[in-house]
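*Asks:*
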Amino acid sequence: MEKWRAWFKELGEKGHLKDIGHPLENTGKVVKGKQKSVTDGPFAEAKDVVGGFTLIQARDLEHAVELCKGCPILEVGGSVEVRPIQVLNM
Amino acid sequence: MELADHLFRHEAGRMVAVLTRLFGVHNLALAEDVVQDAFCRALEVWSFRGVPDNPSAWLMAAAKNRALDVLRRERTARTYEPELSRFLQSEWTLAPVVEEMFSDKAIKDDQLRMMFSCCHPRLPEEAQVMLILHILCGFGIDEVASAFVTTYTAVEKRIPRAKRVLAESRSMFDTQAPVDFSARLPAVQRALYLLFNEGYHGASAESAVRTELCQEAMRLGALLLEHPLGATPSSYALSALMCLNKARLPARLDSSGKLTSLFDQDRSLWDPSLIGAGLQFLGLSAKGVELSEYHVEAAIAAVHASSPNMQETNWAEIVALYDTLMSIRSTPIVALNRTIAIGQRDGPERGLEALQAIADSERLAKYPFYHAALGEFEIRMGHLQDARQHFACALSLARNSMERSFFEQRMGACQ
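Chains A and B are the protein sequences, given in the same order. With this note's numbering, letter number 7 in the first sequence gets 7, and the count goes up by one each step, no holes. The number in this note's numbering is simply the position in the second sequence, starting from 1, with 1000 added.
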């Protein structure tokens, strides 16, 4: 089991377990269109649900895509959107 | 003929897999007919000539000959697997192609193909597992029904429906296409995991442990590891968790067939060769950047397997592993197990608090081991009256006689 422990530690150290993320609350608002209409949503339809987010540290988009293939939601027919975080200088 | 029963179940999956590859997935029913023919023929011949030295080879040869007959006779009446049909048209190529398809390696590949085909994205998880049990493990409708604690009529409807989905997929899953393979691999792993779990602590009416389901899951898991695309770290982790958990089965039932909790198990009965194999798989799983739930579950089982007794178990590590597991797959059952580990690490008061704090505990209300866990914490705090009530509640929810006698015995301990 030592080898496993070392690997697990390394995953953490390399930042692959940076923030395991949190499920999103099942409430919220959706802002849509030019009129900026706000609906209680939060989801347009049952199929199109954002269930949660995970913040990961990756070299680039490709690497991030590689990493997200481990997301368990894929096993149950869900999908993962990978988005870079835009750093805002405010 | 008990031998025949066992043998037929074992061979059916291999035979259907190779025949379906030969005839095409839309002819699945024909493949099943040919297998049945071969079995009938075996019973006939064996009853007066005796069972041959190598019955599986005999059955496979019978299936092959029968397949050749069908292919010759219905050459123009049916269409077969598109990529093969050209070879099946001519007598020059027919026999050699069929011969090659019945080689050991091809039969293994075909079982894998069938496994992946059964995990069709249009099928719900439970139907995928039912299909695997029925087609690849040779379980009859009644056996699938008892494996899933459901009625014969329910399974009788679901399996043909699932088979239709499979037949409509036009061709077998291509296990040589890396992108498709990786995309479907998680569904296949999940199906094997569910199959194993059903055997390990399913809700069957007769028995709490069904070793044959665990064994089938392990056999199919081993097939996965033989394929270059299938031998991923998470597949190794899956095999590790199956070996390490199965190692404890001999101690899970005592000599009179009663369930024994982890606390009272005779650890000398744990299977050392399975523990060895499990730890080796766990080592092989420690690669890449993906931490799957199988990795974490295997690690938890490994900590137990390497601990001489409950007291010397590293509960802090187990709690930490459950925390990680919660972040990957947070279910009430995982949460329940986590609180038991917390109770071991920090004492029954903390364990009980954690148990009462489980977010969606109403989903556990019908799960007997939830009430049993409450009972165990109360016992350890000396609240025998409360403990007794919890065990009585667990008893009323017990799903088979093994669980019932286990909870009765725990109630007896509250005197």
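Just so it is clear, CB atoms sit at the ideal spot from N, CA and C, and this is done for glycine as well. For clarity, every value in this text was computed on a predicted model and none was experimentally measured.
As a quick exercise: from B/L1007, B/T1232, B/S1292, B/A1286, pick the residue whose alpha carbon is nearest that of B/A1051.
*Replies:* In the sequence under discussion, the amino acid at residue 1051 of chain B is Val, which differs from the Ala named in the question. The shortest Cα separation from B/V1051 among B/L1007, B/T1232, B/S1292, B/A1286 belongs to B/L1007.
*Asks:* Is it the case that the region 1274 to 1286 of chain B contacts the region 1237 to 1244 of chain B, given that we only count it when at least three CB pairs across the two stretches are under 8 Å?
*Replies:* The region 1237 to 1244 of chain B makes contact with the region 1274 to 1286 of chain B: 3 or more CB pairs, one atom from each, lie closer than 8 Å.
*Asks:* Which residues in chain B sit within 8 Å of A/K3, going by Cβ to Cβ distance?
*Replies:* Against chain B, the beta carbon of A/K3 has neighbours under 8 Å at L1282, G1283, A1286, listed in chain order.
*Asks:* Could you round the C-beta distance between B/N1245 and B/Y1200 to whole angstroms and report it? I think they count as a contact, below 8 Å.
*Replies:* 6 Å
*Asks:* Could you say which of B/S1056, B/N1065, B/F1181 lies nearest to B/L1022 if we only look at CA atoms?
*Replies:* Considering only alpha carbons, the answer is B/N1065.
*Asks:* May I ask you to list the residues that DSSP assigns as paired with B/L1274?
*Replies:* In DSSP, B/L1274 forms no bridge with anything.
*Asks:* Name, please, each residue of chain A whose Cβ falls closer than 7 Å to the Cβ of B/S1433.
*Replies:* Outside the displayed range of chain B (1001 to 1415) lies residue 1433 of chain B, so it cannot be described from this structure.
*Asks:* With 8 Å set as the bound, which would you pick, yes or no: does the beta-carbon of A/L55 sit closer than that to a beta-carbon of chain B?
*Replies:* For A/L55, not one C-beta of chain B is nearer than 8 Å to its own C-beta.
*Asks:* On the three-state DSSP scale, how would you describe B/L1259?
*Replies:* strand
*Asks:* Does the beta-carbon distance from B/F1087 to B/T1079 come in below 8 Å?
*Replies:* no
*Asks:* Going straight from the alpha carbon of B/F1048 to that of B/M1130, what length do you get?
*Replies:* 36 Å
*Asks:* With a threshold of 8 Å between beta carbons, is A/E13 in contact with chain B?
*Replies:* no
*Asks:* Please report the distance separating the alpha-carbon of B/A1394 from that of B/Y1370.
*Replies:* For B/A1394 and B/Y1370, the distance between alpha carbons rounds to 8 Å.
*Asks:* Cα separation between B/E1044 and B/D1069?
*Replies:* 19 Å
*Asks:* By how many angstroms is the C-alpha of B/A1247 removed from the C-alpha of B/C1414?
*Replies:* 31 Å
*Asks:* Whose CA, out of B/A1217, B/S1085, B/F1406, B/Q1128, lies closest to the CA of B/G1024?
*Replies:* B/S1085
*Asks:* Measuring CB atoms only, is the region 1304 to 1315 of chain B touching the region 1333 to 1353 of chain B, in the sense that at least three cross pairs come out at less than 8 Å?
*Replies:* Enough Cβ pairs lie closer than 8 Å, so yes.
*Asks:* Closer than 8 Å, CB to CB, is B/P1332 near chain A or not?
*Replies:* no
*Asks:* Please confirm if the region 1267 to 1276 of chain B is in contact with the region 1247 to 1258 of chain B, defined as three or more CB-CB distances below 8 Å between the two stretches.
*Replies:* yes
*Asks:* Report yes if the C-beta of B/M1402 is less than 7 Å from at least one heavy atom of the ligand PLP; otherwise report no.
*Replies:* Looking for the ligand PLP in the displayed structure turns up nothing, as the structure carries no ligands at all.
*Asks:* Step through the CB atoms of chain A and report whether any lies within less than 8 Å of the CB of B/P1262.
*Replies:* For clarity, residue 1262 of chain B is Leu in the given sequence; the question names Pro instead. No, because no Cβ of chain A sits closer than 8 Å to the Cβ of B/L1262.
*Asks:* So, for A/A44: in the same chain, excluding its five sequence neighbours on each side, which residues have a beta-carbon less than 6 Å away from its beta-carbon?
*Replies:* Since pLDDT at A/A44 reaches only 44, below the 50 mark, its modelled position is unreliable, and no value is offered.
*Asks:* Go to B/P1096, then tell me how far its alpha helix (DSSP H) extends in each direction, as first and last residue.
*Replies:* 1091 to 1101
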